[in-house]
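Under our numbering, the first residue of the sequence shown is numbered 313, with each subsequent residue one higher. Yeah, the Cβ is synthetic: ideal placement off N, Cα and C, and Gly gets one too. Notes to accompany the following structure.
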Amino acid sequence: MRVLENLEPKKVFQFFEDITQIPHGSYNEKAISDYCVKFAKDRGLEVEQDDLYDVIIKCPATPGYENVPGVILQGHLDMVNEKEDTCTIDMDKEGLQLEIVGDNVTAKGTTLGGDDGIAIAYALAIMDSDDIPHPSIEAVFTVSEETGMEGASHIDLSGLKNRRMLNMDSEDEGIFLTSCAGGGRVDSKLEIKRETKSGVAVHVDLKGFTGGHSGIQIILGGANANIMAGRVAAAVTEKTGAALIGMKGGSKDNAIPRASELDFIVPADQISDFRAAAEAEAEKIKDEFSVQDPSFNIVITEKGESSAEVLTAESLDSALSLLFALPNGVQAMSADVENMVETSLNLGVMGTEEKFVHYRYAVRSSVNSAKEFLIGRMKRIIEHEGAEYSFEGAYPAWEYRKDSKLRDDMVRIWTEMYGKTPIVQGIHAGVECGLFSDKLDGIDAVSFGPQMSGVHTPEETLSISSTKRVWDFILKVLAVKD
313 MRVLENLEPK KVFQFFEDIT QIPHGSYNEK AISDYCVKFA KDRGLEVEQD DLYDVIIKCP
373 ATPGYENVPG VILQGHLDMV NEKEDTCTID MDKEGLQLEI VGDNVTAKGT TLGGDDGIAI
433 AYALAIMDSD DIPHPSIEAV FTVSEETGME GASHIDLSGL KNRRMLNMDS EDEGIFLTSC
493 AGGGRVDSKL EIKRETKSGV AVHVDLKGFT GGHSGIQIIL GGANANIMAG RVAAAVTEKT
553 GAALIGMKGG SKDNAIPRAS ELDFIVPADQ ISDFRAAAEA EAEKIKDEFS VQDPSFNIVI
613 TEKGESSAEV LTAESLDSAL SLLFALPNGV QAMSADVENM VETSLNLGVM GTEEKFVHYR
673 YAVRSSVNSA KEFLIGRMKR IIEHEGAEYS FEGAYPAWEY RKDSKLRDDM VRIWTEMYGK
733 TPIVQGIHAG VECGLFSDKL DGIDAVSFGP QMSGVHTPEE TLSISSTKRV WDFILKVLAV
793 KD
(Lines of atoms letter the chains of each structure in order from A and count residues from 1; the text may use other names and numbers.)
(Lines give C-alpha, C1' and ligand atoms only; values in the text may rest on other atoms or scores of the structure.)
Protein backbone atom coordinates (compact mmCIF):
# COMPACT_ATOMS: atom_id res chain seq x y z
CA MET A 1 0.00 0.00 0.00
CA ARG A 2 1.25 3.42 -0.92
CA VAL A 3 1.66 5.78 2.01
CA LEU A 4 0.36 8.91 0.27
CA GLU A 5 -2.38 7.42 -1.92
CA ASN A 6 -5.27 9.04 -0.01
CA LEU A 7 -3.83 12.56 -0.08
CA GLU A 8 -5.00 15.37 -2.34
CA PRO A 9 -4.08 16.43 -4.94
CA LYS A 10 -3.90 12.76 -5.77
CA LYS A 11 -1.66 12.88 -8.84
CA VAL A 12 0.78 15.28 -7.23
CA PHE A 13 1.30 13.02 -4.24
CA GLN A 14 1.40 9.95 -6.48
CA PHE A 15 4.32 11.37 -8.44
CA PHE A 16 5.95 12.69 -5.29
CA GLU A 17 5.87 9.27 -3.67
CA ASP A 18 7.36 7.73 -6.81
CA ILE A 19 10.17 10.27 -6.65
CA THR A 20 10.95 9.50 -3.00
CA GLN A 21 11.44 5.84 -3.85
CA ILE A 22 14.15 6.63 -6.39
CA PRO A 23 17.51 7.56 -4.82
CA HIS A 24 18.37 10.99 -6.16
CA GLY A 25 20.96 12.73 -4.07
CA SER A 26 23.22 15.19 -5.85
CA TYR A 27 25.39 13.48 -8.50
CA ASN A 28 23.13 10.42 -8.33
CA GLU A 29 20.33 11.71 -10.56
CA LYS A 30 20.44 9.30 -13.53
CA ALA A 31 17.61 7.10 -12.26
CA ILE A 32 15.26 10.01 -11.50
CA SER A 33 16.21 11.65 -14.80
CA ASP A 34 15.43 8.43 -16.69
CA TYR A 35 12.10 8.24 -14.84
CA CYS A 36 11.17 11.69 -16.18
CA VAL A 37 12.30 10.78 -19.69
CA LYS A 38 10.17 7.63 -19.62
CA PHE A 39 7.23 9.70 -18.35
CA ALA A 40 7.51 11.95 -21.39
CA LYS A 41 7.99 9.17 -23.94
CA ASP A 42 5.07 7.18 -22.54
CA ARG A 43 2.85 10.21 -23.19
CA GLY A 44 4.25 11.10 -26.61
CA LEU A 45 5.85 14.34 -25.38
CA GLU A 46 9.03 15.80 -26.82
CA VAL A 47 11.92 15.26 -24.41
CA GLU A 48 15.64 16.01 -24.22
CA GLN A 49 18.18 14.61 -21.77
CA ASP A 50 21.73 15.97 -21.75
CA ASP A 51 24.97 14.35 -20.66
CA LEU A 52 24.56 15.53 -17.05
CA TYR A 53 20.97 14.16 -16.99
CA ASP A 54 19.18 17.51 -17.10
CA VAL A 55 15.76 17.02 -18.70
CA ILE A 56 13.56 19.26 -20.85
CA ILE A 57 10.01 18.13 -21.62
CA LYS A 58 7.79 20.06 -24.02
CA CYS A 59 4.04 19.83 -23.66
CA PRO A 60 1.76 21.57 -26.20
CA ALA A 61 -0.95 24.03 -25.24
CA THR A 62 -4.45 22.77 -24.58
CA PRO A 63 -7.25 23.91 -26.94
CA GLY A 64 -7.89 27.64 -26.68
CA TYR A 65 -4.43 28.39 -25.24
CA GLU A 66 -2.38 28.06 -28.41
CA ASN A 67 -1.80 31.83 -28.61
CA VAL A 68 -1.22 32.45 -24.91
CA PRO A 69 2.44 33.05 -23.99
CA GLY A 70 3.94 29.77 -22.85
CA VAL A 71 5.32 28.90 -19.43
CA ILE A 72 8.50 27.26 -18.17
CA LEU A 73 7.90 24.96 -15.19
CA GLN A 74 11.21 24.55 -13.40
CA GLY A 75 12.64 22.55 -10.52
CA HIS A 76 15.70 20.47 -9.70
CA LEU A 77 16.01 16.69 -9.63
CA ASP A 78 18.51 16.30 -6.81
CA MET A 79 18.01 16.36 -3.06
CA VAL A 80 20.31 16.75 -0.06
CA ASN A 81 21.01 13.37 1.52
CA GLU A 82 21.19 13.77 5.29
CA LYS A 83 20.16 11.24 7.93
CA GLU A 84 20.15 10.68 11.66
CA ASP A 85 23.10 8.86 13.18
CA THR A 86 20.97 5.81 13.97
CA CYS A 87 19.36 5.58 10.52
CA THR A 88 20.44 2.51 8.52
CA ILE A 89 18.97 3.51 5.15
CA ASP A 90 21.52 3.70 2.32
CA MET A 91 20.24 6.85 0.63
CA ASP A 92 22.35 6.17 -2.47
CA LYS A 93 20.54 2.89 -3.07
CA GLU A 94 17.27 2.78 -1.14
CA GLY A 95 13.99 4.66 -1.23
CA LEU A 96 12.78 6.73 1.71
CA GLN A 97 10.39 5.55 4.44
CA LEU A 98 7.53 8.03 4.26
CA GLU A 99 5.07 8.76 7.00
CA ILE A 100 2.22 11.19 7.61
CA VAL A 101 2.35 13.17 10.83
CA GLY A 102 -0.66 15.43 11.20
CA ASP A 103 -0.67 17.81 8.24
CA ASN A 104 2.86 16.90 7.22
CA VAL A 105 4.62 14.35 5.07
CA THR A 106 8.05 13.42 6.41
CA ALA A 107 10.61 10.63 6.08
CA LYS A 108 11.78 8.43 8.94
CA GLY A 109 15.34 9.33 9.88
CA THR A 110 16.24 11.12 6.65
CA THR A 111 15.68 14.22 4.61
CA LEU A 112 12.44 14.06 2.62
CA GLY A 113 13.49 15.68 -0.64
CA GLY A 114 10.46 17.95 -0.75
CA ASP A 115 13.19 20.32 -1.85
CA ASP A 116 12.70 19.93 -4.73
CA GLY A 117 10.77 16.78 -5.47
CA ILE A 118 7.48 18.62 -5.07
CA ALA A 119 8.30 20.84 -8.05
CA ILE A 120 8.88 17.81 -10.24
CA ALA A 121 5.65 16.24 -8.96
CA TYR A 122 3.66 19.39 -9.71
CA ALA A 123 5.01 19.59 -13.26
CA LEU A 124 4.47 15.91 -14.03
CA ALA A 125 0.92 16.02 -12.66
CA ILE A 126 0.08 18.98 -14.89
CA MET A 127 1.52 17.36 -18.02
CA ASP A 128 -0.16 14.04 -17.19
CA SER A 129 -3.61 15.57 -17.00
CA ASP A 130 -6.09 15.86 -19.85
CA ASP A 131 -8.40 18.34 -18.10
CA ILE A 132 -6.08 21.16 -16.95
CA PRO A 133 -6.11 24.16 -19.32
CA HIS A 134 -2.67 25.61 -19.94
CA PRO A 135 -0.48 27.31 -22.55
CA SER A 136 2.52 25.54 -24.00
CA ILE A 137 4.77 24.16 -21.27
CA GLU A 138 8.50 23.68 -21.26
CA ALA A 139 9.37 21.71 -18.12
CA VAL A 140 13.03 22.06 -17.21
CA PHE A 141 14.45 19.72 -14.56
CA THR A 142 18.07 20.34 -13.62
CA VAL A 143 20.64 18.29 -11.72
CA SER A 144 23.11 19.06 -8.92
CA GLU A 145 21.35 22.23 -7.81
CA GLU A 146 22.21 21.54 -4.20
CA THR A 147 25.94 21.36 -4.86
CA GLY A 148 26.36 24.52 -6.91
CA MET A 149 23.66 24.49 -9.61
CA GLU A 150 25.89 22.62 -12.06
CA GLY A 151 22.89 21.48 -14.08
CA ALA A 152 21.48 24.97 -14.56
CA SER A 153 24.97 26.19 -15.46
CA HIS A 154 25.46 23.42 -18.00
CA ILE A 155 22.05 23.01 -19.62
CA ASP A 156 21.48 24.30 -23.16
CA LEU A 157 18.37 26.49 -23.11
CA SER A 158 18.71 27.79 -26.66
CA GLY A 159 15.75 25.67 -27.80
CA LEU A 160 13.33 27.22 -25.30
CA LYS A 161 10.72 29.59 -26.67
CA ASN A 162 8.84 30.52 -23.50
CA ARG A 163 9.87 33.47 -21.33
CA ARG A 164 7.54 33.19 -18.31
CA MET A 165 8.99 30.90 -15.66
CA LEU A 166 7.48 29.35 -12.56
CA ASN A 167 10.40 28.19 -10.44
CA MET A 168 8.90 25.94 -7.75
CA ASP A 169 11.88 25.77 -5.41
CA SER A 170 10.83 27.86 -2.43
CA GLU A 171 9.76 26.61 0.97
CA ASP A 172 7.49 29.32 2.40
CA GLU A 173 3.89 29.44 1.25
CA GLY A 174 2.68 32.91 0.36
CA ILE A 175 6.16 34.29 -0.26
CA PHE A 176 7.11 35.01 -3.86
CA LEU A 177 10.80 35.36 -4.58
CA THR A 178 11.84 37.76 -7.31
CA SER A 179 15.59 38.13 -6.73
CA CYS A 180 18.42 36.15 -5.15
CA ALA A 181 22.04 36.30 -4.15
CA GLY A 182 24.92 35.25 -6.34
CA GLY A 183 27.83 33.26 -5.03
CA GLY A 184 30.16 30.32 -5.38
CA ARG A 185 32.53 28.01 -3.51
CA VAL A 186 35.89 28.90 -1.98
CA ASP A 187 38.29 26.05 -1.22
CA SER A 188 41.46 26.18 0.82
CA LYS A 189 43.97 23.35 0.89
CA LEU A 190 46.76 23.51 3.47
CA GLU A 191 49.73 21.17 3.32
CA ILE A 192 50.48 19.48 6.64
CA LYS A 193 53.26 17.37 8.06
CA ARG A 194 52.86 14.36 10.34
CA GLU A 195 54.86 12.46 12.90
CA THR A 196 54.29 9.21 14.78
CA LYS A 197 53.01 9.33 18.35
CA SER A 198 51.77 6.71 20.78
CA GLY A 199 49.19 6.93 23.53
CA VAL A 200 45.48 6.44 23.99
CA ALA A 201 43.38 6.90 20.83
CA VAL A 202 40.42 9.16 21.62
CA HIS A 203 37.48 9.96 19.35
CA VAL A 204 35.39 13.09 19.96
CA ASP A 205 31.96 13.66 18.44
CA LEU A 206 30.32 17.06 18.46
CA LYS A 207 26.71 16.61 17.40
CA GLY A 208 23.18 17.85 17.85
CA PHE A 209 23.70 21.25 16.25
CA THR A 210 20.65 22.59 14.43
CA GLY A 211 22.38 23.07 11.07
CA GLY A 212 20.20 23.94 8.09
CA HIS A 213 20.40 25.74 4.77
CA SER A 214 23.43 28.01 4.67
CA GLY A 215 21.51 30.74 2.91
CA ILE A 216 18.10 30.68 4.53
CA GLN A 217 19.09 29.63 8.06
CA ILE A 218 22.38 31.53 8.35
CA ILE A 219 20.50 34.53 9.78
CA LEU A 220 19.54 32.46 12.84
CA GLY A 221 23.11 32.59 14.11
CA GLY A 222 23.46 28.92 14.96
CA ALA A 223 26.83 27.31 15.61
CA ASN A 224 28.91 25.84 12.81
CA ALA A 225 29.96 22.36 13.96
CA ASN A 226 33.25 22.55 12.08
CA ILE A 227 34.35 25.74 13.78
CA MET A 228 33.23 24.41 17.15
CA ALA A 229 35.37 21.33 16.52
CA GLY A 230 38.30 23.64 15.91
CA ARG A 231 37.63 25.28 19.26
CA VAL A 232 37.68 21.94 21.05
CA ALA A 233 40.84 20.88 19.22
CA ALA A 234 42.56 24.11 20.24
CA ALA A 235 41.44 23.77 23.86
CA VAL A 236 42.65 20.20 24.38
CA THR A 237 45.97 20.58 22.54
CA GLU A 238 46.81 23.80 24.36
CA LYS A 239 46.10 22.32 27.80
CA THR A 240 47.39 18.75 27.34
CA GLY A 241 49.89 16.82 25.28
CA ALA A 242 47.14 15.57 22.96
CA ALA A 243 48.03 15.39 19.26
CA LEU A 244 45.47 15.60 16.45
CA ILE A 245 45.13 12.71 14.02
CA GLY A 246 42.32 14.26 12.00
CA MET A 247 39.10 16.23 11.94
CA LYS A 248 36.13 16.19 9.63
CA GLY A 249 32.61 17.56 9.41
CA GLY A 250 29.90 18.42 6.94
CA SER A 251 29.22 17.01 3.49
CA LYS A 252 27.78 19.97 1.56
CA ASP A 253 29.17 23.48 1.38
CA ASN A 254 25.63 24.92 1.33
CA ALA A 255 24.49 23.09 4.48
CA ILE A 256 25.46 24.40 7.92
CA PRO A 257 27.17 21.33 9.42
CA ARG A 258 25.22 19.62 12.20
CA ALA A 259 28.08 17.45 13.44
CA SER A 260 31.86 17.21 13.38
CA GLU A 261 34.40 14.75 14.74
CA LEU A 262 37.98 14.71 15.95
CA ASP A 263 40.57 11.98 16.56
CA PHE A 264 43.52 12.32 18.92
CA ILE A 265 46.43 10.48 20.46
CA VAL A 266 46.52 11.41 24.16
CA PRO A 267 49.22 10.55 26.73
CA ALA A 268 47.76 7.90 29.05
CA ASP A 269 48.40 9.97 32.17
CA GLN A 270 46.54 12.98 30.71
CA ILE A 271 43.21 11.40 29.79
CA SER A 272 41.38 13.04 32.69
CA ASP A 273 42.89 16.43 31.84
CA PHE A 274 41.89 15.90 28.20
CA ARG A 275 38.30 15.14 29.15
CA ALA A 276 38.15 18.14 31.46
CA ALA A 277 39.47 20.50 28.77
CA ALA A 278 37.10 19.15 26.08
CA GLU A 279 34.06 19.25 28.35
CA ALA A 280 34.91 22.75 29.61
CA GLU A 281 35.04 24.07 26.05
CA ALA A 282 31.81 22.22 25.23
CA GLU A 283 30.12 23.93 28.19
CA LYS A 284 31.16 27.31 26.83
CA ILE A 285 29.69 26.40 23.45
CA LYS A 286 26.46 25.18 25.06
CA ASP A 287 26.16 28.43 26.97
CA GLU A 288 26.86 30.63 23.94
CA PHE A 289 24.41 28.76 21.69
CA SER A 290 21.81 27.64 24.22
CA VAL A 291 18.99 29.26 22.25
CA GLN A 292 20.08 28.40 18.71
CA ASP A 293 21.45 24.90 19.38
CA PRO A 294 19.85 23.50 22.55
CA SER A 295 20.52 19.87 21.55
CA PHE A 296 24.29 20.15 21.17
CA ASN A 297 26.32 17.53 23.01
CA ILE A 298 29.85 16.16 23.05
CA VAL A 299 30.74 12.47 23.24
CA ILE A 300 34.30 11.39 24.12
CA THR A 301 35.25 7.77 23.42
CA GLU A 302 38.53 6.13 24.44
CA LYS A 303 39.68 3.47 21.97
CA GLY A 304 42.69 2.02 23.73
CA GLU A 305 46.46 2.24 23.35
CA SER A 306 47.59 3.00 19.82
CA SER A 307 50.19 4.61 17.60
CA ALA A 308 49.22 6.97 14.79
CA GLU A 309 50.48 9.59 12.38
CA VAL A 310 49.48 12.92 13.92
CA LEU A 311 49.81 16.50 12.78
CA THR A 312 53.04 18.11 13.94
CA ALA A 313 52.58 20.99 16.37
CA GLU A 314 53.48 23.45 13.62
CA SER A 315 50.94 21.96 11.17
CA LEU A 316 48.21 21.94 13.80
CA ASP A 317 48.93 25.58 14.59
CA SER A 318 48.69 26.47 10.88
CA ALA A 319 45.46 24.49 10.40
CA LEU A 320 43.75 26.14 13.38
CA SER A 321 45.12 29.58 12.53
CA LEU A 322 43.60 29.33 9.05
CA LEU A 323 40.31 28.03 10.45
CA PHE A 324 40.01 30.86 12.96
CA ALA A 325 41.28 33.61 10.64
CA LEU A 326 38.73 32.95 7.91
CA PRO A 327 35.35 34.59 8.54
CA ASN A 328 32.12 32.63 8.82
CA GLY A 329 28.43 33.47 9.07
CA VAL A 330 26.61 36.72 8.36
CA GLN A 331 28.92 39.50 7.18
CA ALA A 332 26.38 42.20 6.26
CA MET A 333 22.62 42.77 6.33
CA SER A 334 20.78 44.29 3.40
CA ALA A 335 20.31 48.04 3.52
CA ASP A 336 17.38 47.77 1.09
CA VAL A 337 15.38 44.79 2.35
CA GLU A 338 14.49 44.57 6.02
CA ASN A 339 15.78 41.47 7.84
CA MET A 340 17.51 40.04 4.76
CA VAL A 341 21.14 38.97 4.81
CA GLU A 342 23.19 40.67 2.12
CA THR A 343 26.52 38.85 2.44
CA SER A 344 27.52 35.63 4.21
CA LEU A 345 29.68 32.55 4.05
CA ASN A 346 29.50 29.05 5.51
CA LEU A 347 32.25 26.53 6.27
CA GLY A 348 30.27 23.56 5.02
CA VAL A 349 32.99 20.93 4.64
CA MET A 350 36.16 20.35 6.65
CA GLY A 351 38.53 17.42 6.56
CA THR A 352 42.06 16.15 6.93
CA GLU A 353 43.86 13.85 4.55
CA GLU A 354 47.33 12.34 4.84
CA LYS A 355 49.10 15.47 3.63
CA PHE A 356 46.43 18.16 3.59
CA VAL A 357 43.66 19.81 5.58
CA HIS A 358 40.91 21.39 3.52
CA TYR A 359 38.08 23.83 4.20
CA ARG A 360 35.24 24.49 1.76
CA TYR A 361 32.99 27.53 2.03
CA ALA A 362 29.76 28.61 0.35
CA VAL A 363 29.91 32.37 -0.28
CA ARG A 364 26.79 34.43 -1.01
CA SER A 365 25.89 38.06 -1.62
CA SER A 366 23.17 40.02 -3.38
CA VAL A 367 25.73 42.77 -4.02
CA ASN A 368 28.35 41.72 -6.54
CA SER A 369 31.03 44.11 -5.27
CA ALA A 370 30.56 42.84 -1.69
CA LYS A 371 30.84 39.24 -2.89
CA GLU A 372 34.02 40.03 -4.81
CA PHE A 373 35.53 41.82 -1.81
CA LEU A 374 34.76 38.92 0.53
CA ILE A 375 36.24 36.38 -1.88
CA GLY A 376 39.31 38.57 -2.32
CA ARG A 377 39.67 38.86 1.44
CA MET A 378 39.49 35.09 1.82
CA LYS A 379 42.10 34.63 -0.92
CA ARG A 380 44.51 36.91 0.93
CA ILE A 381 44.00 35.09 4.23
CA ILE A 382 44.33 31.63 2.69
CA GLU A 383 47.49 32.48 0.76
CA HIS A 384 48.97 34.39 3.73
CA GLU A 385 48.62 31.20 5.78
CA GLY A 386 50.47 29.27 3.09
CA ALA A 387 47.47 27.35 1.73
CA GLU A 388 46.18 26.86 -1.81
CA TYR A 389 43.13 28.92 -2.83
CA SER A 390 40.51 28.05 -5.45
CA PHE A 391 37.10 29.40 -6.42
CA GLU A 392 34.49 27.56 -8.46
CA GLY A 393 30.79 27.09 -9.01
CA ALA A 394 30.13 30.79 -9.54
CA TYR A 395 26.52 31.68 -10.15
CA PRO A 396 24.98 35.07 -10.93
CA ALA A 397 22.58 37.06 -8.82
CA TRP A 398 18.98 37.23 -10.02
CA GLU A 399 18.16 40.90 -10.21
CA TYR A 400 14.73 42.29 -9.35
CA ARG A 401 12.58 43.07 -12.39
CA LYS A 402 10.59 46.27 -11.92
CA ASP A 403 8.12 45.39 -14.69
CA SER A 404 6.68 41.89 -14.30
CA LYS A 405 3.25 40.95 -15.57
CA LEU A 406 3.73 37.42 -14.27
CA ARG A 407 4.47 38.67 -10.76
CA ASP A 408 1.52 41.06 -10.88
CA ASP A 409 -0.84 38.30 -12.06
CA MET A 410 0.38 35.93 -9.37
CA VAL A 411 -0.01 38.49 -6.59
CA ARG A 412 -3.53 39.31 -7.79
CA ILE A 413 -4.58 35.66 -8.08
CA TRP A 414 -3.18 34.68 -4.68
CA THR A 415 -4.92 37.63 -3.02
CA GLU A 416 -8.23 36.78 -4.70
CA MET A 417 -7.99 33.10 -3.77
CA TYR A 418 -6.81 33.38 -0.18
CA GLY A 419 -7.70 36.90 0.95
CA LYS A 420 -4.13 37.83 1.83
CA THR A 421 -1.54 39.64 -0.23
CA PRO A 422 1.56 37.49 -0.68
CA ILE A 423 4.98 38.77 0.36
CA VAL A 424 7.25 39.65 -2.54
CA GLN A 425 10.91 39.57 -1.61
CA GLY A 426 14.46 38.55 -2.44
CA ILE A 427 16.29 35.66 -0.81
CA HIS A 428 19.78 35.17 0.52
CA ALA A 429 20.31 31.91 -1.30
CA GLY A 430 21.18 30.69 -4.74
CA VAL A 431 18.16 30.20 -6.96
CA GLU A 432 18.40 28.78 -10.44
CA CYS A 433 16.44 31.74 -11.74
CA GLY A 434 19.72 33.67 -11.71
CA LEU A 435 21.30 31.29 -14.22
CA PHE A 436 18.12 31.13 -16.31
CA SER A 437 17.89 34.94 -16.43
CA ASP A 438 21.55 35.02 -17.48
CA LYS A 439 20.84 32.65 -20.38
CA LEU A 440 17.37 33.73 -21.54
CA ASP A 441 16.89 37.36 -22.51
CA GLY A 442 13.66 38.89 -21.29
CA ILE A 443 12.71 36.09 -18.91
CA ASP A 444 10.03 36.95 -16.36
CA ALA A 445 10.34 34.61 -13.39
CA VAL A 446 8.90 34.06 -9.92
CA SER A 447 9.99 31.43 -7.40
CA PHE A 448 7.45 29.99 -4.95
CA GLY A 449 6.32 26.75 -3.38
CA PRO A 450 4.35 25.02 -0.63
CA GLN A 451 5.27 25.19 3.04
CA MET A 452 8.22 23.09 4.10
CA SER A 453 10.37 23.12 7.21
CA GLY A 454 13.70 21.66 8.21
CA VAL A 455 14.96 21.38 4.62
CA HIS A 456 18.41 19.80 4.33
CA THR A 457 17.92 18.08 7.71
CA PRO A 458 16.25 14.81 8.79
CA GLU A 459 13.49 16.94 10.32
CA GLU A 460 12.31 18.06 6.87
CA THR A 461 8.52 18.18 6.43
CA LEU A 462 6.12 19.06 3.62
CA SER A 463 2.69 20.46 4.50
CA ILE A 464 -0.17 18.52 2.89
CA SER A 465 -2.72 21.34 3.03
CA SER A 466 -0.20 23.83 1.68
CA THR A 467 0.67 21.50 -1.19
CA LYS A 468 -3.02 21.52 -2.14
CA ARG A 469 -3.37 25.31 -1.87
CA VAL A 470 -0.31 25.93 -4.03
CA TRP A 471 -1.51 23.34 -6.57
CA ASP A 472 -4.86 25.12 -6.91
CA PHE A 473 -2.98 28.41 -7.28
CA ILE A 474 -0.73 27.07 -10.05
CA LEU A 475 -3.77 25.94 -12.01
CA LYS A 476 -5.27 29.45 -11.76
CA VAL A 477 -2.00 31.00 -12.96
CA LEU A 478 -1.84 28.63 -15.92
CA ALA A 479 -5.45 29.44 -16.81
CA VAL A 480 -4.75 33.18 -17.33
CA LYS A 481 -5.33 34.17 -20.95
CA ASP A 482 -4.89 37.94 -21.11
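Same chain, Cβ closer than 7 Å to residue i, five either side skipped, listed in chain order
i, result
"Leu-752", "Leu-469, Leu-472, Arg-475"
"Ser-778", "Glu-485, Pro-762, Gln-763"
"Trp-783", "Pro-321, Val-324, Tyr-434"
"Lys-405", "Pro-335"
"Asn-340", "Asp-404"
Spatial neighbours of residue i in its chain, beta-carbon cut-off 6 Å, leaving aside the 5 residues before and after
i, result
"Ala-594", "Ile-610"
"Phe-521", "Ala-535, Ala-537, Arg-570, Asp-605, Phe-608"
"Glu-458", "Ser-338, Asp-390, Val-392"
"Ile-597", "Met-540"
"Val-578", "Gly-511, Val-512, Val-514, Ala-554, Phe-586"
"Ala-644", "Glu-654, Thr-655"
"Ile-693", "Ala-637, Leu-638"
"Phe-760", "Ser-482, Phe-488"
Paired residues, beta bridge with residue i - DSSP
i, result
"Val-669", "Leu-502, Thr-664"
"Ala-567", "His-525"
"Thr-418", "Glu-411, Thr-773"
"Val-723", "In the DSSP output, where bridge partners are listed per residue, Val-723 has none listed."
"Phe-488", "Val-736"
"Asn-609", "Lys-519"
"Glu-617", "Val-512"
"Ile-577", "Ala-513, Ala-555"
Assumed close pair residue i, residue j - CB separation to whole angstroms, cut-off 8 Å
i, j, result
"Gly-460", "His-388", "Not confirmed; about 12 Å, so no contact."
"Ser-572", "Leu-518", "5 Å"
"Val-798", "Tyr-365", "The question about residue 798 has no answer, for the chain in this structure spans 313 to 794."
"Ala-620", "Ala-513", "7 Å"
"Met-439", "Ile-369", "7 Å"
"Glu-700", "Ser-500", "7 Å"
"Arg-497", "Phe-703", "7 Å"
"His-768", "Ala-567", "5 Å"
"Leu-410", "Leu-319", "That pair is no contact at about 11 Å."
"Ile-467", "Asp-362", "6 Å"
"Met-424", "Leu-774", "It should be pointed out that residue 424 corresponds to Leu in this sequence rather than to Met. At roughly 6 Å, the Cβ-Cβ gap stays under 8 Å, so Leu-424 and Leu-774 are in contact."
"Ala-437", "Phe-601", "That belief does not hold up - the Cβ atoms of Ala-437 and Phe-601 are roughly 42 Å apart, past 8 Å."
"Val-649", "Gly-738", "6 Å"
C-alpha distance - residue i paired with residue j, whole-angstrom precision
i, j, result
"Ala-757", "Gly-494", "16 Å"
"Val-669", "Ser-749", "37 Å"
"Lys-683", "Gly-407", "38 Å"
"Lys-342", "Thr-400", "23 Å"
"Glu-396", "Arg-672", "23 Å"
"Lys-350", "Pro-372", "18 Å"
"Ser-465", "Gly-616", "49 Å"
"Leu-357", "Ala-546", "59 Å"
"Thr-278", "Met-403", "As shown, the chain starts at 313 and ends at 794. That puts residue 278 outside it, with no answer to give."
"Lys-691", "His-740", "22 Å"
"Gly-731", "Ile-612", "54 Å"
"Leu-556", "Glu-394", "27 Å"
"Phe-488", "Glu-450", "21 Å"
"Leu-574", "Thr-664", "10 Å"
"Asp-721", "Leu-638", "45 Å"
"Ser-646", "Ser-681", "13 Å"
"Val-743", "Asp-565", "15 Å"
"Val-736", "Gly-705", "27 Å"
"Lys-717", "Ile-344", "33 Å"
"Glu-772", "Ala-580", "43 Å"
"Leu-478", "Pro-375", "21 Å"
"Thr-727", "Arg-781", "12 Å"
"Ile-687", "Lys-560", "23 Å"
"Ile-331", "Gly-429", "7 Å"
"Gly-660", "Glu-483", "21 Å"
"Met-729", "Ser-526", "33 Å"
"Asn-651", "Glu-550", "39 Å"
Cβ neighbours of residue i in the same chain (closer than 8 Å, five flanking residues each side left out)
i, result
"Gly-641", "Ile-530, Gly-533, Asn-536, Ser-656, Leu-657, Asn-658"
"Ile-725", "Phe-785, Lys-788, Val-789, Val-792"
"Glu-711", "Ser-491, Ser-749"
"Thr-624", "Ile-504, Lys-505, Arg-506, Glu-507"
"Pro-708", "Gly-494, Gly-746, Leu-747, Ser-749, Asp-750"
"Tyr-377", "Pro-445, His-446, Pro-447, Ser-448, Lys-793"
"Ala-590", "Val-516, Val-544, Ala-547, Val-548, Ile-610, Ile-612"
"Thr-398", "Gly-421"
"Ser-441", "Lys-323"
"Arg-719", "Phe-488, Thr-490, Arg-713, Val-736, Asp-756, Val-758"
Runs of alpha helix (DSSP H) wholly within the stretch 630-658 (minimum 4 residues, chain order):
none
Give, in chain order, every unbroken run of the beta strand (DSSP E) that is at least 3 residues long and sits entirely within the stretch 385-465.
Counting whole runs of 3 or more residues, the stretch 385-465 contains the beta strand (DSSP E) stretches 410-413, 416-419, 449-454.
At what residue ranges does the stretch 352-390 contain a whole run of the beta strand (DSSP E), taking only runs of 3 or more?
358-361, 367-371, 383-388
Which runs of the beta strand (DSSP E) at least 3 residues long sit entirely within the stretch 730-784? Give them in chain order.
735-739, 756-759, 773-775
Can you list the alpha helix (DSSP H) stretches of 4 or more residues lying completely in the stretch 536-564, in chain order?
537-551
Enumerated in chain order, which unbroken segments of the alpha helix (DSSP H) with a length of 4 residues or greater are wholly contained in the stretch 672-703?
680-696
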